[in-house]
Amino acid sequence: MVRVRSLALLATPIGVALVVWSCDPQRSAVAPTIGTPLAHFNVFECTPLKITGGGRIDYPPGTAAKNPPASHEYETFGAHVMSSGQMDANGTCLADKGSLEWVDHRDEWRINGSPLNLHSTAITFAEEATDTDCSDGAAHWGGTLRVQNTGEEAEFEVFDCDNGEPGVGHDGFAIRVPAIGYEVMCPDPDLPPAEPACTLTGGNRQFHPTHR
Amino acid sequence: MRIDTFRGTVRVLALVLPMISPVASAQGQMRAASIASRAEAYGVSVSTPTVTQKSPYAVLPTGEAMATDQGQSIAVAGLVTAQDLFAIATGDADAIDGSNAVSTATLGVVNVLNGLITADGVVAVASSTIGANAVNSNTEGSSLANLVVGGVEVSDPAPNTRMNLPGVGYVVLNEVRSTGDGVTTSGVTVNMIHAVLQEPILGLLGQVIGYRTVGNIIVGSATSSVTR
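Line by line, the protein sequences give chains A and B. Quick note on our numbering: the first sequence kicks off at 1 and runs consecutively. Quick note on our numbering: the second sequence kicks off at 1001 and runs consecutively.
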């Protein structure tokens, strides 16, 4: 009995050390870059993360104020991503799972008689952004999506920010789909919470810190 | 064995082994039984003695993080027509970091009861969050564009604005219902247009002695709730 207890005492710190070492962030992550560098969202860590939620953005201008409803100048979305912080051989920080549903209600983005509707087909990368003003956490993630209006496939990236509660007026979200010349981004350093994320006018983003 | 593979194996064992322990298992079951995230959204719901329809309709499945549904247009038995309908339900039940739920329903041009109620943009948003530092639910982001009820323009109606519809019943605009105790549970439902169809109850002499509800038409509904 004493021998078993001694063995357990010896094994416990070794086990804890192994787990801590296995969860250590891999700081040299390199995500696929499909856009230009930004003032925020420049420094990343490949570490386990999860961010969930959805809501509404009134872009342009992407501030915390709602546009007049009749303008139809708003976007609604749902988005989540999860990563265990694993890098592939190319240094891409891999996403385990996730999805994006995005609708742009602006008249100028009606395609084939319907509002622009983007639907993710694969989430390929996700990394934590550590240089933002997002108090609860931020992530840069993306993959491929299908433009539901046309069937076209394209790469995309999002800049995802949890800046406290409630989400309205605090959290932020931005998306870029270069292949179709589409982006909802707010590169204004004075705009909360952190450029290029546009401020939510509805909904919430929730970063889950203990997932790492 | 590659170092990454070994690290991954250790991480998996760290996750799995505590679950095998009887104590951890019991605690996990208690947590799983209490935490919950619910999100639901739909564009149009009609409930009458002859018609029951809800579309598009998105409900967050247990263990999933998102559900969506959509329709380019809908016409329900001469009661409602609507275009560009989208329903999105998202959420996550997390015993440690807290849970959240967000749902949105959006519509373009809407016509209820052959022009008695019209709008050219409806947005319903419901959001609930529960965590260590915050418990809240709200319907921020919900809106109605160019709403006209019985020929009267209605701009940005306050929550639970009621207007009579003579010969038909009444309508509640921006109908908000909160649920939960604000401590361990929190939730909210918003119905942007809720038409209640009524017919008179007649007395023995043929006089109207009351009304009974014979149907409901809801346009733009979003629900969210969380429990820890």
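Beta carbons are placed, not taken as given, at the ideal position from N, Cα and C, and that holds for glycine. If you're wondering where the values come from, they're calculated on a predicted model, not measured in any experiment.
Are there three or more Cβ pairs, one per stretch, closer than 8 Å when the region 144–157 of chain A is compared with the region 63–75 of chain A?
no
Pull up the distance between the alpha-carbon of H170/A and that of V1208/B, whole angstroms please.
53 Å
Write down every uninterrupted run of the alpha helix (DSSP H) in the region 1124–1190 of chain B whose length is 4 residues or greater and which is fully enclosed by it, in chain order.
Runs of the alpha helix (DSSP H) lying entirely within the region 1124–1190 of chain B and spanning at least 4 residues: none are present.
Which whole-angstrom value is the C-beta distance of H208/A and K50/A, which I expect to be below 8 Å?
4 Å
Going along the chain, which residues of the region 146–179 of chain A sit with their C-beta nearer than 7 Å to a C-beta in chain B?
E165, P166, G167, V168
Establish whether the CB of S1047/B and some CB of chain A are separated by less than 9 Å.
no
Quick one: which chain B residues come within Cβ less than 7 Å of V103/A?
F1086, T1106
Give the residues of chain B in contact with T63/A, contact being defined as C-beta atoms less than 7 Å apart.
Within 7 Å Cβ-Cβ: nothing; T63/A doesn't reach chain B, min ~13 Å.
Determine, using beta carbons only, whether D1092/B comes closer than 9 Å to chain A.
yes
Give the C-beta separation of I123/A and A95/A to the nearest angstrom, bearing in mind that I take them to be a contact with Cβ-Cβ under 8 Å.
4 Å
List the whole-angstrom C-beta distance separating T1227/B from S1034/B, where the pair is believed to meet the contact cut-off of C-beta under 8 Å.
6 Å
Under a three-way DSSP split, which group does A65/A fall into?
coil
Whose C-beta lies closer than 6 Å to the C-beta of V1051/B among residues of the same chain, with five residues either side of it excluded?
A1077
Return the CA-CA distance between S114/A and V1190/B, expressed in angstroms with no decimal places.
25 Å
Kindly indicate which three-state DSSP category E108/A falls into: helix, strand or coil?
In the structure shown, E108/A adopts helical secondary structure according to DSSP, grouped into three states.
What does the Cβ neighbour count give for S1142/B, buried or exposed, with the cut at 16 atoms within 10 Å?
Label assigned to S1142/B: buried.
Among the residues of its own chain, which have a CB less than 6 Å from the CB of P1022/B, if the five just before and after it don't count?
Unreliable positioning characterises P1022/B in this predicted model, as indicated by a pLDDT of 41, which lies under 50. A coordinate reading is not provided.
Taking any Cβ of chain A, which residues in the region 1158–1181 of chain B have a Cβ under 9 Å from it, in chain order?
none
Can you pull the DSSP bridge partners for Q1119/B?
Note on residue identity: the sequence assigns Ala, not Gln, to residue 1119/B. A1119/B pairs with V1110/B.
I need the straight-line Cα distance from N1160/B to Y1170/B, nearest angstrom please.
Computed Cα separation, rounded: 12 Å.
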